[in-house]
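Heads up: the sequence lines are chains A and B, in that order. Under UniProt numbering, think of the first position of the first sequence as 1, with each following residue one higher. Under UniProt numbering, think of the first position of the second sequence as 1, with each following residue one higher. What follows is a single structure, written as structure tokens, with notes after it.
Number of protein chains: 2
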Amino acid sequence: MATEEIKLVGFWVSPFVFRVEWALKLKGVEFEYIEEDIFNKTNRLLELNPVHKKVPVFVHDQKVIAESFVILEYIDETWKQNPLLPQDPYQRAMARFWARFAEEKLLDAAWTSMWSKGEQKERAEKETLEALEKIEEQLNGKTYFGGDDKIGYLDIAIGWISYWLPIWGEVGSFEILDPKKFPGISAWKTRFLDHPVIRDCSLPPRDKMLEYFHKRGQEIYNSRLGSSGK
Amino acid sequence: MATEEIKLVGFWVSPFVFRVEWALKLKGVEFEYIEEDIFNKTNRLLELNPVHKKVPVFVHDQKVIAESFVILEYIDETWKQNPLLPQDPYQRAMARFWARFAEEKLLDAAWTSMWSKGEQKERAEKETLEALEKIEEQLNGKTYFGGDDKIGYLDIAIGWISYWLPIWGEVGSFEILDPKKFPGISAWKTRFLDHPVIRDCSLPPRDKMLEYFHKRGQEIYNSRLGSSGK
């Protein structure tokens with residue numbers, strides 16, 4: 001293990017980077033974390049990920065992989081201990097389906113609800129709640145999305161719901177995760193954040209994130225002013 | 001095998017449906033094809049895929065799976081013969097990465113270049129060619145994207161490039177696949193379409209597709225008139 005090169009290039013507040021960090025920690029794989037400034041990209045990032053120029057980038061013995069979902073599958077296939085995906089092909093398909101669903105239907109909507117205003121914000125809030133309802137149904141009494149006693153691929157893929165989502169809601173003055181509407185996700189959120197491995201990854205402080213997303217939201221809103229608002 | 005229920009719900013002109021059909025044929029898995037009218041959706045579709053209400057839907061012994069990439073992985077894990085994905089985790093990651101790249105960077109751009117006009121069309125054409133350049137580099141002298149002598153996951157995932165893309169280009173009066181610019185993809189296109197299994201899936205006639213996409217393009221353009229054009 002000592003000679004293996006395992007590096008994660010990230011950015012402190014990126015939920016996509018934390019996915020990879022969580023996966024590696026759940027597997028007990030040691031790695032070197034390299035912080036990247038995504039607003040002032042280094043040549044290192046541009047060389048490692050010339051296609052998307054984004055974090056996370058995962059480096060394993062000179063093999064370079066981008067895109068967090070692709071990295072998660074690679075990690076799961078390379079280090080077999082503590083499997084992230086279920087063993088059964090249909091259960092694997094469901095985990096992948098809902099991970100992608102949250103990415104496409106929930107993440108954008110929740111993000112937009114944070115910084116937008118007026119009709120656009122209303123529409124984004126509605127889409128956020130509709131997507132969350134579908135995710136709530138998936139828990140269906142289970143402890144984790146991955147099953148009863150184990151954090152798995154889907155928990156990691158949508159782990160940002162536990163910490164980023166309420167912060168985006170606060171920035172956008174929109175109570176996204178009302179525990180009465182979403183009792184399952186609310187209870188899962190606490191369990192997820194209390195999980196020893198997730199706790200060990202030390203998420204950024206709440207006040208620092210509030211400040212960051214408040215500023216980002218304002219910047220995005222300003223940059224869209226005068227455009228169509230879509 | 002006789003008692004196994006294997007069904008594919010599709011729509012005659014959908015490239016996403018053909019992905020699944022190609023995968024099943026490459027595996028030698030027999031299935032029942034059910035044509036759906038996506039402009040007049042049946043209760044069957046709404047019940048099978050209540051989340052996205054889209055084709056393809058794959059049914060295997062009462063297990064229902066939507067989303068073509070998720071279905072491809074399921075098929076590959078369930079029927080082990082003629083593997084679609086490579087065996088090596090890094091090669092698997094690359095296949096998944098480029099499949100997703102083409103979906104996010106090429107497909108939308110090429111589609112938009114077909115029906116849009118003016119500045120929007122120019123931008124879409126530019127994005128289409130830029131994405132194609134990256135895909136051209138991936139072939140890098142290989143016979144197929146999956147390797148030297150075997151159609152694999154990535155070939156199937158981007159198989160629409162071989163037949164749909166030139167048709168979209170023709171509808172949009174834009175020569176997308178200039179063989180001089182893209183010699184690798186142009187040669188791959190012919191090999192892919194000539195592959196006995198792909199030939200066996202009998203693609204819809206070219207003139208019928210031209211007519212269909214001409215009409216669709218016009219409808220989409222008209223529906224966006226008066227909106228922001230984005």
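Don't be surprised by glycine CBs; every beta carbon is placed ideally from N, CA and C. Computed from a prediction, not measured in an experiment: that's the story for all the values here.
Handout entry: Three-state secondary structure (DSSP) of residue 13 (chain B)
Key = Residue 13 (chain B) falls in the coil class under three-state DSSP.
Problem - Other residues of its chain near residue 218 (chain A): CB distance less than 6 Å, five sequence neighbours each side excluded - result: None.
Handout entry: Beta-carbon proximity list for residue 170 (chain B), same chain, < 7 Å, skipping 5 on both sides
Key = The beta carbon of residue 170 (chain B) lies closer than 7 Å to those of 210 in the same chain, with the five residues before and after it left out.
Practice task
Could you check the C-alpha separation between residue 117 (chain A) and residue 131 (chain A) for me, to the nearest Å?
Solution key: Linking residue 117 (chain A) to residue 131 (chain A) through their CA atoms gives a straight-line distance of about 20 Å.
Practice task
Could you confirm whether any beta carbon from chain B is found closer than 8 Å to the beta carbon of residue 90 (chain A)?
Solution key: Yes, residue 90 (chain A) lies at the interface with chain B (some Cβ there is under 8 Å from its Cβ).
Handout entry: Element boundaries [alpha helix (DSSP H), containing residue 63 (chain A)]
Key = Counting along the chain, residue 63 (chain A) falls outside any alpha helix (DSSP H), though it belongs to the beta strand (DSSP E) covering 63-66.
Exercise for the section: Can you pull the chain B residues whose beta carbon is under 8 Å from the beta carbon of residue 231 (chain A), in chain order? Expected result: Since the displayed chain A opens at 1 and closes at 230, residue 231 (chain A) lies outside it and no answer follows.
Handout entry: Secondary structure, beta strand (DSSP E): runs of 3+ residues fully inside the segment 196-222 of chain B
Key = Entirely contained in the segment 196-222 of chain B, not one beta strand (DSSP E) run reaches 3 residues.
Practice task
Identify each residue in the segment 98-117 of chain B for which the Cβ-Cβ distance to at least one residue of chain A is less than 8 Å, and report them in chain order.
Solution key: From the segment 98-117 of chain B, only 100 and 101 have a Cβ closer than 8 Å to chain A.
Exercise for the section: Could you tell me whether any Cβ in chain B is nearer than 8 Å to the Cβ of residue 63 (chain A)? Expected result: Judged by the 8 Å Cβ criterion, residue 63 (chain A) is in contact with chain B.
Problem - Complete alpha helix (DSSP H) runs within the segment 52-118 of chain A (minimum length 4 residues, chain order) - result: The segment 52-118 of chain A contains these whole alpha helix (DSSP H) runs: 68-78, 89-101 and 108-115.
Practice task
Assign residue 30 (chain B) to buried or exposed, taking buried as 16 or more other Cβ atoms, counted over all protein chains shown, within 10 Å of its Cβ.
Solution key: Residue 30 (chain B) should be labelled exposed.
Exercise for the section: Please compile the residues from chain B whose C-beta is within a distance smaller than 8 Å of the C-beta of residue 70 (chain A). Expected result: Contact note: residue 70 (chain A) reaches chain B through 93, 96, 97 and 100, using a C-beta cutoff of 8 Å and chain order.
Problem - Sub-8 Å separation of residue 25 (chain B) and residue 197 (chain B) beta-carbons - result: Yes, Cβ-Cβ distance for residue 25 (chain B) and residue 197 (chain B) is below 8 Å.
Exercise for the section: Would you check if the distance between the CB atom of residue 163 (chain A) and the CB atom of residue 72 (chain A) is smaller than 8 Å? Expected result: Note that the C-beta distance between residue 163 (chain A) and residue 72 (chain A) is not below 8 Å.
Handout entry: Range covered by the alpha helix (DSSP H) that runs through residue 153 (chain B)
Key = For residue 153 (chain B), the enclosing alpha helix (DSSP H) starts and ends at 153-157.
Practice task
Give the secondary structure of residue 33 (chain A) by DSSP, where H, G and I count as helix, E and B as strand, and everything else as coil.
Solution key: Residue 33 (chain A): strand per DSSP, three-state reduction.
Handout entry: For residue 25 (chain B), three-class secondary structure by DSSP
Key = Reduced to three states, the DSSP call for residue 25 (chain B) is helix.
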